[in-house]
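Peer 1:
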Amino acid sequence: MFFDEPTSGLDSSSCFQCLSLLKSLARGGRTIICTIHQPSARLFEMFDHLFMLAEGQCVYRGSIPGLVPFLASMGFECPGYHNPADYVMEVVCGEHGECVSKLVTAVNNGKCNNLTQPQQVLLDSSPQCVSDEIAKNYQTNNIVGNGVGKHGPNPLPGLSVTSALLDSDESLNNGKHRTGFPTSGYRQFFILLKRTFLSTFRDQTLTQMRMFSHVVVGCLIGMIYFGIGNEASKVMSNSGCIFFTVLFLMFTAMMPTILTFPMEMSVFVREHLNYWYSLKSFYFAKTLADIPFQIVFSIIYVAIVYFMTSQPLEVTRFLMLLTMCVMTSLVAQSLGLLIGAAMNVE
Numbered sequence: 038m039f040f041d042e043p044t045s046g047l048d049s050s051s052c053f054q055c056l057s058l059l060k061s062l063a064r065g066g067r068t069i070i071c072t073i074h075q076p077s078a079r080l081f082e083m084f085d086h087l088f089m090l091a092e093g094q095c096v097y098r099g100s101i102p103g104l105v106p107f108l109a110s111m112g113f114e115c116p117g118y119h120n121p122a123d124y125v126m127e128v129v130c131g132e133h134g135e136c137v138s139k140l141v142t143a144v145n146n147g148k149c150n151n152l153t154q155p156q157q158v159l160l161d162s163s164p165q166c167v168s169d170e171i172a173k174n175y176q177t178n179n180i181v182g183n184g185v186g187k188h189g190p191n192p193l194p195g196l197s198v199t200s201a202l203l204d205s206d207e208s209l210n211n212g213k214h215r216t217g218f219p220t221s222g223y224r225q226f227f228i229l230l231k232r233t234f235l236s237t238f239r240d241q242t243l244t245q246m247r248m249f250s251h252v253v254v255g256c257l258i259g260m261i262y263f264g265i266g267n268e269a270s271k272v273m274s275n276s277g278c279i280f281f282t283v284l285f286l287m288f289t290a291m292m293p294t295i296l297t298f299p300m301e302m303s304v305f306v307r308e309h310l311n312y313w314y315s316l317k318s319f320y321f322a323k324t325l326a327d328i329p330f331q332i333v334f335s336i337i338y339v340a341i342v343y344f345m346t347s348q349p350l351e352v353t354r355f356l357m358l359l360t361m362c363v364m365t366s367l368v369a370q371s372l373g374l375l376i377g378a379a380m381n382v383e
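Numbering (the working numbering), first residue to last: 38 to 383.
1. For Cys52, does the three-state DSSP call read helix, strand or coil?
2. Given a threshold of 16 other Cβ atoms within 10 Å of its Cβ, counted over all protein chains shown, does Asp85 qualify as buried or as exposed?
3. Using 8 Å as the threshold, is the C-beta distance between Thr68 and Met38 below it?
4. Could you name the residues of the same chain whose beta carbon sits closer than 7 Å to that of Asp327, not counting the 5 residues immediately before and after it, in chain order?
5. Can the beta-carbon of Leu286 be found closer than 8 Å to that of Thr220?
6. Name, in chain order, the residues that DSSP records as bridge partners for Arg98.
7. Going by DSSP, what residue range makes up the alpha helix (DSSP H) through Phe218?
8. Which residue from Val252, Phe53, Leu350, Leu257 puts its Cα closest to that of Ile336?
9. May I have the straight-line CA-CA distance separating Ser100 from Leu87, to the nearest angstrom?
10. Figure out for me which residue from Val125, Gly103, Val137 has the closest Cα to the Cα of Gly93.
11. Which residues mark the beginning and the end of the beta strand (DSSP E) in which Cys71 is found?
12. Between the stretch 73-84 and the stretch 119-128, do at least 3 Cβ pairs fall closer than 8 Å?
13. Under 8 Å: do the stretch 243-259 and the stretch 300-313 share three or more Cβ pairs, one atom per stretch?
14. By Cβ distance below 8 Å, which residues in the same chain neighbour Phe234 in space, the five residues on each side in sequence not counted?
15. Could you round the C-beta distance between Val105 and Val141 to whole angstroms and report it? I think they count as a contact, below 8 Å.
16. What three-state label does DSSP hand Gly112 in the structure shown?
17. Classify Phe280 as helix, strand or coil using the three-state DSSP reduction.
18. Distance, Cα to Cα, Ile228 vs Phe238?
19. Roughly how many whole angstroms lie between the Cα atoms of Gln176 and Pro102?
20. So what's Gly377 in DSSP terms, helix, strand or just coil?
21. State the start and end residues of the unbroken alpha helix (DSSP H) segment that holds Asp123.
22. So is Glu82 buried or exposed if we call it buried at 16+ other beta carbons inside 10 Å?
23. May I ask you to report which of helix, strand or coil DSSP gives Phe263?
24. List the whole-angstrom C-beta distance separating Ile295 from Gly377, where the pair is believed to meet the contact cut-off of C-beta under 8 Å.
25. In this structure, does DSSP put Gly466 in helix, strand or coil?
26. Between Ile265 and Ser276, is the Cβ-Cβ spacing less than 8 Å?
27. Quick one: what does DSSP say Glu308 is sitting in, helix, strand or coil?
28. Ordered along the chain, which non-local residues of its own chain (more than five positions away) have a Cβ less than 7 Å from that of Phe226?
29. Taking the CB atoms as reference points, tell me whether Thr297 and Leu367 lie closer together than 8 Å.
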């Protein structure tokens with residue numbers, strides 16, 4: 038669920054109730070993503086993760102407790118009893134000097150994947166930036182619930198906090214960046230398969246139109262070529278019937294893909310370039326998700342045409358024709374993906 042500044046225009050009590058509801062939804066298994074406008078320290082501590090942008094680049098990505106230690110490691114000490122959310126905004130806005138490029142480099146523009154463990158080790162080095170009332174429930178821990186650490190000695194003298202926050206598998210100096218995916222190909226495939234199924238089931242209009250066209254055109258072709266299957270004198274008509282069948286199934290599988298895939302193209306490119314999933318996982322999931330529909334539609338169409346044209350009542354012949362039609366539909370769908378990706382179809 039995505040929210041754009043859900044607390045804007047609300048008083049402090051309503052803001053807290055709104056974020057409490059969102060947090061309960063997140064605890065229930067939902068993914069909640071939202072932008073926030075000038076949160077108080079109390080509201081800021083309710084977030085699990087922070088992704089902060091400046092000038093279109095990521096300057097911090099990680100947990101709320103790691104924000105103040107991270108800024109301290111970069112030379113920006115958050116004053117005592119100061120709202121960390123306000124202070125980090127001051128930093129990225131340039132009130133403490135130009136630092137955006139420095140922060141972007143430190144987190145590798147948001148590609149740092151080893152944030153959690155180093156933060157838990159390094160939180161003790163940050164000053165307390167909230168009142169004692171907010172921190173009183175966390176006396177047994179050096180981490181205050183609003184996302185900052187209590188003041189304490191530096192546990193890692195001489196060690197750069199920034200280098201500990203960076204992914205050990207990445208090297209900024211030699212220009213080598215991680216190109217793998219965070220999840221396996223099988224997990225990518227099954228998640229994309231589920232998403233494609235849900236998208237298809239929700240688009241009832243397209244599914245119903247495809248079903249209707251197969252039934253109507255099947256009946257129409259059956260009436261045009263009615264009873265020609267067993268007559269040798271009408272072998273050319275029989276060939277024409279089979280040709281039109283293959284042609285119809287090819288276009289009905291190709292055209293919806295050509296028309297709908299360009300609308301998905303922007304989402305696919307963004308997610309693929311963000312290393313969410315690979316191209317082959319997307320292709321296999323999209324193709325496999327459409328196989329049941331192609332089989333069902335082909336069976337309906339072939340059954341109508343096959344019996345209305347009085348083709349030989351042999352299971353082998355029927356299955357051969359059905360297999361040919363299904364394979365034609367799948368190849369046409371792949372061709373539709375190619376055309377939709379290569380051309381700006383509107």
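C-beta: ideal position from N, C-alpha, C; glycine also.
Peer 2: In terms of the structure at hand:
1. Assigned with DSSP and collapsed to three states, Cys52 falls in helix.
2. exposed
3. Against a cut-off of 8 Å, the Cβ pair of Met38 and Thr68 comes out as a contact.
4. Gln370
5. no
6. Phe88
7. No alpha helix (DSSP H) contains Phe218, which DSSP labels as neither H nor E.
8. For the residues Val252, Phe53, Leu350, Leu257, the minimum Cα distance to Ile336 belongs to Val252.
9. 6 Å
10. Val137
11. 70-72 is the span of the beta strand (DSSP E), which, as asked, contains Cys71.
12. They touch, by the three-pair rule.
13. no
14. Short of 8 Å from the beta carbon of Phe234, and not among the five residues preceding or following it, lie these beta carbons of its own chain, in chain order: Ala326.
15. About 19 Å; that fails the 8 Å criterion.
16. coil
17. helix
18. 16 Å
19. Because Gln176 sits at a pLDDT of 42, beneath the cut-off of 50, its placement in the model cannot be relied upon, and the point is left open.
20. helix
21. Taken as a continuous stretch (DSSP letters only), the alpha helix (DSSP H) holding Asp123 covers 121-129.
22. Buried, by the Cβ-count rule.
23. coil
24. 5 Å
25. Any answer about residue 466 is impossible in this case: the structure gives the chain only from 38 up to 383.
26. No.
27. DSSP places Glu308 within a helical segment (H, G or I) once states are collapsed to three.
28. Ser318, Phe321, Ala322
29. No, Cβ-Cβ distance for Thr297 and Leu367 is not below 8 Å.
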